[in-house]
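The structure appears right after this line, and notes come after that.
Protein chains: 4
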Amino acid sequence: MSELHWKSAITKVEPNKLAVRGYKLDELMGRVSYAQMVYLLLKGELPPENTGKMIEAILVSSVDHGTTPPSVLSALTVASTGAPLNAAVAAGILSISQFHGGAIEECMHILHKGMELIKNDGKTLDEAATAVINDYRAMGLKLSGFGHRVHNNDPRTTKLFALAKAYGVAGKYVELANAFVARMQVITGKTLPLNVDGAIAALLCEMDFDPILANGFFMIARVPGLLAHIHEEKTRQKPMRKIHPSDVEYDGPDERSL
Amino acid sequence: MSELHWKSAITKVEPNKLAVRGYKLDELMGRVSYAQMVYLLLKGELPPENTGKMIEAILVSSVDHGTTPPSVLSALTVASTGAPLNAAVAAGILSISQFHGGAIEECMHILHKGMELIKNDGKTLDEAATAVINDYRAMGLKLSGFGHRVHNNDPRTTKLFALAKAYGVAGKYVELANAFVARMQVITGKTLPLNVDGAIAALLCEMDFDPILANGFFMIARVPGLLAHIHEEKTRQKPMRKIHPSDVEYDGPDERSL
Amino acid sequence: MSELHWKSAITKVEPNKLAVRGYKLDELMGRVSYAQMVYLLLKGELPPENTGKMIEAILVSSVDHGTTPPSVLSALTVASTGAPLNAAVAAGILSISQFHGGAIEECMHILHKGMELIKNDGKTLDEAATAVINDYRAMGLKLSGFGHRVHNNDPRTTKLFALAKAYGVAGKYVELANAFVARMQVITGKTLPLNVDGAIAALLCEMDFDPILANGFFMIARVPGLLAHIHEEKTRQKPMRKIHPSDVEYDGPDERSL
Amino acid sequence: MSELHWKSAITKVEPNKLAVRGYKLDELMGRVSYAQMVYLLLKGELPPENTGKMIEAILVSSVDHGTTPPSVLSALTVASTGAPLNAAVAAGILSISQFHGGAIEECMHILHKGMELIKNDGKTLDEAATAVINDYRAMGLKLSGFGHRVHNNDPRTTKLFALAKAYGVAGKYVELANAFVARMQVITGKTLPLNVDGAIAALLCEMDFDPILANGFFMIARVPGLLAHIHEEKTRQKPMRKIHPSDVEYDGPDERSL
């Protein structure tokens with residue numbers, strides 16, 4: 035034991051034995067979902083089944099958003115130079131930052147601020163939302179998680195909240211997020227619907243995740259999407275092509291039902 | 035439409051409508067697993083249910099391997115400088131390379147070489163394995179996917195193959211991988227069991243994935259593990275500490291059953 | 035000209051003609067130093083000769099600090115996985131962050147705060163230093179740029195300031211930095227000498243660089259050092275070795291004079 | 035001393051004393067150039083003065099190539115998401131890969147192959163060039179370092195070779211590179227002039243650098259260019275803008291002389 039001895043509470047590795055948070059990995063395989071493993075790794079405990087399903091739906095909702103997000107464009111740019119998969123994925127991950135994905139964490143902070151006013155100051159949902167909105171407006175700040183550059187009625191948000199209700203995950207934070215939308219309309223006269231980042235923020239609050247990890251959920255969700263785009267670049271395009279950021283046409287399968 | 039117009043077959047994005055490979059994202063949410071989405075993104079079609087379960091088990095098997103892999107150590111080193119999540123995850127991803135994760139892709143190539151000898155030259159499993167092993171030995175090359183620095187009877191391999199049998203995914207490539215182990219023992223006198231990389235390689239061959247994507251499965255699987263370690267570093271350790279690569283003690287929950 | 039047309043003022047590229055900030059690259063080659071090019075790129079004009087020498091000395095001062103900085107350890111960790119040069123350098127760059135290199139930018143802000151008190155409020159150097167120190171102490175913040183974990187009389191700082199005097203670059207900001215050291219001793223009773231980050235901060239302030247770019251100087255300086263360490267790892271060490279963060283012995287040339 | 039004890043021959047760090055390859059850093063400052071430090075770090079010895087000037091000219095020649103290279107576009111894409119400097123620079127570095135910068139290393143291998151035929155088989159420059167060209171053509175491979183997508187008479191190449199002659203660095207490898215150009219014209223009927231990558235390759239061969247490090251020179255040279263573009267993005271453009279890869283207009287200073 036050296037002076038640099040340190041401790042970690044995540045995975046115990048012994049010869050022919052691996053246990054994550056106390057559970058043997060081979061016992062977990064085939065019995066728990068990847069989404070449950072995400073929860074186990076990040077919170078230390080296996081989630082109730084419905085909570086696992088909620089994580090799963092969040093990940094599925096964010097798996098890809100076409101070719102235009104900067105994470106895809108930076109990954110494709112790197113891939114087009116002949117760089118290996120890991121370099122291209124890393125460049126994609128590096129784009130998941132303040133203005134791309136970052137809204138989840140910022141919206142979690144907004145909702146936590148509102149919830150503190152409810153818990154500590156006895157404010158109602160509407161009063162709390164109003165107070166936080168006015169604070170942000172006074173500081174000249176935008177409220178992250180509301181409004182979207184493409185969608186004004188994001189089907190992912192609607193579905194996430196429907197599933198959250200069905201799974202019993204929706205609670206005070208979902209109510210508060212809805213109160214924000216309503217109060218913003220009254221205060222600003224503008225309809226800024228909750229976007230998918232805002233919806234995920236509300237649900238991560240419900241499940242009591244550390245806001246530091248918010249962007250992490252987005253990264254977990256997006257890696258398969260990044261890989262699909264990088265693979266397409268490497269198999270379908272010429273190296274070093276000029277990649278137009280928006281003049282792209284979808285030519286995949288026609289719309290189809292499950 | 036500019037001269038740089040290009041096409042992509044992955045996700046169609048329209049206002050209030052998102053479809054991955056033709057399936058509306060909000061219809062997929064709550065009905066398909068993240069593992070099925072990985073398959074849909076990387077292969078273009080939804081997998082049969084059991085194939086989805088196989089992907090899920092592969093991802094669960096590789097989600098973490100404690101603090102010693104270089105992907106974790108590079109991520110922690112970056113995290114300890116106060117860098118944000120994305121920089122630390124990217125540094126982890128950059129370590130998933132030739133000698134760390136790379137064995138999956140190399141082992142897929144080995145198995146494909148063997149399978150070609152079977153299909154094109156009419157060799158038996160044993161003859162094909164023998165031929166490839168002798169080729170590699172003649173070139174002075176190690177066979178990736180066999181042997182492990184910690185485990186000689188990796189419980190993840192056993193479980194992956196048991197699940198592959200149960201799910202109907204195990205076939206010729208799994209047989210061939212086992213033939214390699216048997217022939218290597220005869221030829222070299224050494225027992226080099228299939229490791230988890232080799233098992234995953236055989237299963238990705240069974241499911242007909244492009245070997246270029248092999249390391250990608252490892253990346254998808256490991257991001258939650260990296261996040262757990264980065265979060266632990268940021269919440270439990272002091273910035274800029276000297277990170278010992280092996281003098282680490284597990285102090286998480288005792289072994290427990292599902 | 036598309037709707038995405040944009041402008042850049044850095045380099046004009048035409049067939050067989052390249053001009054940086056208006057100067058033809060082939061005319062610059064052989065006549066200006068790399069350090070002068072750094073200034074030209076980042077400020078838009080060629081520097082006076084002595085200012086170019088100042089930049090050169092700053093870069094030379096920060097080119098390497100042995101094996102222990104996290105930038106080197108993350109680069110070596112990635113290099114040991116067989117990853118190519120670019121991945122290892124990128125991992126090193128990702129470690130140049132808040133607690134590693136970040137002190138330069140933070141110290142520039144501290145000095146700018148002090149200088150504003152002098153310019154706008156008519157305070158003396160000592161009064162300005164005292165006010166800023168007290169502000170930071172009241173907020174419980176450390177003053178970046180002062181003190182070092184290894185050196186208490188950093189020879190690089192002494193030399194940088196001697197050169198700055200000789201080159202005519204030293205001015206009000208250098209005086210202010212020295213006033214901070216003196217006032218901190220009076221206020222706290224502790225001697226916290228200016229470290230190399232603090233010295234560079236003062237000189238970048240003298241040359242009127244944007245603090246956003248501070249870490250950039252550190253990156254420029256360190257890339258050759260990172261490359262030397264990565265090359266040593268790849269040529270002298272076995273892949274996937276466990277890299278001890280401090281139990282390293284120098285075995286290069288004995289001390290020698292120019 | 036632990037079992038993980040290791041050695042490094044680069045920099046000795048003691049309290050108040052730092053020596054690179056045996057030379058005290060504060061003695062180097064103000065007396066040697068950054069380019070000489072690059073040589074010292076990567077080769078272990080200080081270069082003759084003219085060799086240092088050669089390195090300097092190589093670095094100056096490659097410091098920037100406008101907005102269109104993928105290293106700049108990936109860096110800008112990441113910067114536009116609000117990511118800090120280190121993430122954007124790292125994304126730029128990750129683009130310096132096989133098809134972008136990689137030609138230097140590949141061309142060094144080509145020249146080394148030719149030189150071996152001269153040294154070991156007694157071939158003339160022309161015979162050696164012919165043999166290597168024919169080998170590559172038989173394998174269906176392009177010869178890296180010859181031809182450029184923008185320039186057919188790159189002023190940087192001409193100047194680099196003129197300086198190499200003046201500095202006494204030009205020798206057999208420069209002659210061989212020229213022989214390649216001449217023989218390719220005879221063999222293929224096409225004029226493929228040596229590009230800047232090819233010229234740098236010849237000069238790095240003359241100075242006996244390890245080809246593994248070739249891309250490293252390009253990285254060292256480009257970091258200031260990347261920083262200038264990232265800074266322009268952060269100060270002149272809106273976050274999350276769509277970055278057109280070629281519809282860019284130079285609006286910097288008019289052409290001017292030194």
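The listed protein sequences derive, respectively, from chains A, B, C and D.
Our numbering puts the first residue of the first sequence at 35, with every later residue one more than the last.
Our numbering puts the first residue of the second sequence at 35, with every later residue one more than the last.
Our numbering puts the first residue of the third sequence at 35, with every later residue one more than the last.
Our numbering puts the first residue of the fourth sequence at 35, with every later residue one more than the last.
A virtual CB, placed ideally from N, CA and C, is assigned to each residue, including glycine.
Distances from the alpha-carbon of B/Ala216 to those of B/Ala196, B/Leu159, B/Glu90 put B/Leu159 closest. Counting of Cβ neighbours within 10 angstroms places B/Ala121 among the buried residues, the total reaching 16 or more. If the five residues before and after B/Phe195 are omitted, its C-beta is found closer than 7 Å to the C-beta atoms of Ala204, Val208, Ala233, all from its own chain and listed in chain order. In the three-state scheme derived from DSSP, where H, G and I count as helix and E and B as strand, C/His143 is classed as helix.
No residue range can be given for B/Val66, since it is assigned to no beta strand (DSSP E) and is classified by DSSP as neither H nor E. For B/Ala248, the number of other beta carbons within 10 angstroms of its own is at least 16, and it is reported as buried. Between the alpha carbons of B/Lys58 and B/Glu139 lies a distance of about 32 Å. Of the residues C/Thr111, C/Glu48, C/Asn187, C/Pro258, the one whose Cα lies closest to the Cα of C/Pro279 is C/Thr111. The C-beta of D/Ala121 comes closer than 7 Å to at least one C-beta of chain B. The beta carbons of D/Met71 and C/Val97 sit closer together than 7 Å. According to the DSSP secondary-structure assignment, A/Phe180 is paired through a beta bridge with A/Leu228.
If you draw a straight line from the Cα of A/Pro245 to the Cα of B/His265, it is about 11 Å long. Residue pairing of C/Arg290 in beta bridges, as defined by DSSP: D/Tyr57. Within the same chain, and ignoring the five residues on either side of B/Ala53 in sequence, the residues whose Cβ sits closer than 6 Å to its Cβ are Lys46. If you look at B/Ser105, you'll find it in the alpha helix (DSSP H) that goes 104-113.
Fewer than three pairs of CB atoms, one per stretch, sit closer than 8 Å, so the stretch 221-241 of chain C makes no contact with the stretch 125-133 of chain C.
In this structure, the beta-carbon distance from B/Met253 to B/Ser114 does not fall below 7 Å. Here B/Ala172 is exposed. Its C-beta has fewer than 16 other C-beta atoms within 10 Å. In the assembly as shown, D/Gly202 is an exposed residue. Its beta-carbon has fewer than 16 other beta-carbons within 10 Å. Contacts with chain B at 7 Å (Cβ-Cβ) include C/Pro273.
Restricting attention to A/Trp40, A/Ser36, A/Glu83, the CA atom closest to the CA of B/Arg270 is found in A/Trp40. Look at A/Gly179: its C-beta is not under 7 Å from any C-beta on chain D. Cα atoms of C/Glu90 and C/Glu161: separation of roughly 33 Å, rounded to the nearest angstrom. Chain C places no beta carbon closer than 7 Å to that of D/Ser114, leaving this residue out of the contacts. With fewer than 16 other Cβ atoms inside 10 Å of its own Cβ, A/Lys272 counts as exposed. A direct Cα-Cα distance of roughly 18 Å separates D/Asp155 from D/Phe214.
Using a Cβ-Cβ cut-off of 7 Å, D/Pro81 does not count as an interface residue toward chain C, since no Cβ of chain C sits closer than that to its own. Residue environment: C/Leu93 is assigned as buried (16 or more neighbouring CB atoms within 10 Å of its CB, all protein chains considered).
Taken through DSSP and simplified to helix, strand or coil, B/Lys77 comes out as helix. Between A/Thr102 and B/Ser42, the C-beta spacing is not below 7 Å. Of C/His99, C/Ile144, C/Gly116, C/Val66, the smallest CA-CA separation from C/Ala235 is found for C/Ile144. Between the C-alpha atoms of D/Gly181 and D/Met218 there is a straight-line separation of about 11 Å. At a cut-off of 7 Å between C-beta atoms, D/Lys276 counts as an interface residue with respect to chain A. From the beta-carbon of A/Ala124, the residues of chain C found nearer than 8 Å are Ala121, Ala124. With a minimum length of 3 residues, there is no unbroken run of beta strand (DSSP E) contained wholly in the stretch 228-281 of chain B.
Contact between A/Gly116 and D/Ser131 holds, since their C-beta atoms are separated by about 5 Å, short of 8 Å.
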